[in-house]
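First up is the structure itself, then whatever we jot down about it.
Residue numbers (my numbering): 1447 to 1618.
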């Protein structure tokens, strides 16, 4: 389940959170492993990403009872990388991206049947202009281990100062 995360943002001063697919960008980018999020520019989350270039991403791994909370800045990915990554998407999400061109994400639709009817047809072969992606650049990472032998959770923060990472032990 590490490919799923909860992304927290702020919209007009109000907190927002949603589950998103966390993508591994390493095969597409050189250097250390990179994580990314792909969205559609018609989405409310795109507007929220533009309001503040910082998000919080939470990943919980239930099999080992460990949570990671990452404070990240966002860097918009090059259009070419977005187009290549878009080709790896399953057919329905590709059709959804094209549907967003006429029906923005989160807009109201008459019924589920109407939505399904709009998704019939051939598979698109290229990404719409509204498909965008962001690289997550971790500024700090908190690791919370809930599965300790002594029953006291182990909570640590790793912060990047621009040169190197520093570890701090936190009271859970």
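Where is the CB? At the ideal position from N, CA and C, for every residue including glycine.
Near the ligand GTP: residue i beta-carbon under 6 Å from a heavy atom
{"i": "residue 1580", "result": "The ligand GTP is not part of the structure shown, which contains no ligands of any sort."}
Beta-carbon spacing of residue i, residue j below 7 Å
{"i": "residue 1465", "j": "residue 1481", "result": "no"}
{"i": "residue 1514", "j": "residue 1505", "result": "yes"}
{"i": "residue 1518", "j": "residue 1587", "result": "no"}
{"i": "residue 1569", "j": "residue 1537", "result": "yes"}
Bridge partner(s) assigned by DSSP for residue i
{"i": "residue 1566", "result": "For residue 1566, which the question treats as bridged, DSSP gives no partner whatsoever."}
{"i": "residue 1466", "result": "1451"}
{"i": "residue 1593", "result": "Looking at the DSSP assignment, residue 1593 forms no beta bridge with any residue, so it has no partner."}
{"i": "residue 1484", "result": "1579"}
{"i": "residue 1546", "result": "Its beta-bridge partners do not exist; DSSP assigns none."}
Burial state of residue i (16 or more Cβ within 10 Å)
{"i": "residue 1577", "result": "buried"}
{"i": "residue 1580", "result": "buried"}
{"i": "residue 1528", "result": "buried"}
{"i": "residue 1455", "result": "buried"}
{"i": "residue 1571", "result": "exposed"}
{"i": "residue 1561", "result": "exposed"}
{"i": "residue 1610", "result": "exposed"}
{"i": "residue 1469", "result": "buried"}
{"i": "residue 1488", "result": "buried"}
{"i": "residue 1494", "result": "buried"}
Whole-angstrom distance between residue j and residue i, CA atom to CA atom
{"i": "residue 1511", "j": "residue 1591", "result": "6 Å"}
{"i": "residue 1604", "j": "residue 1616", "result": "10 Å"}
{"i": "residue 1594", "j": "residue 1471", "result": "32 Å"}
Distance between beta carbons of residue j and residue i, contact taken as under 8 Å
{"i": "residue 1543", "j": "residue 1573", "result": "7 Å"}
{"i": "residue 1545", "j": "residue 1565", "result": "7 Å"}
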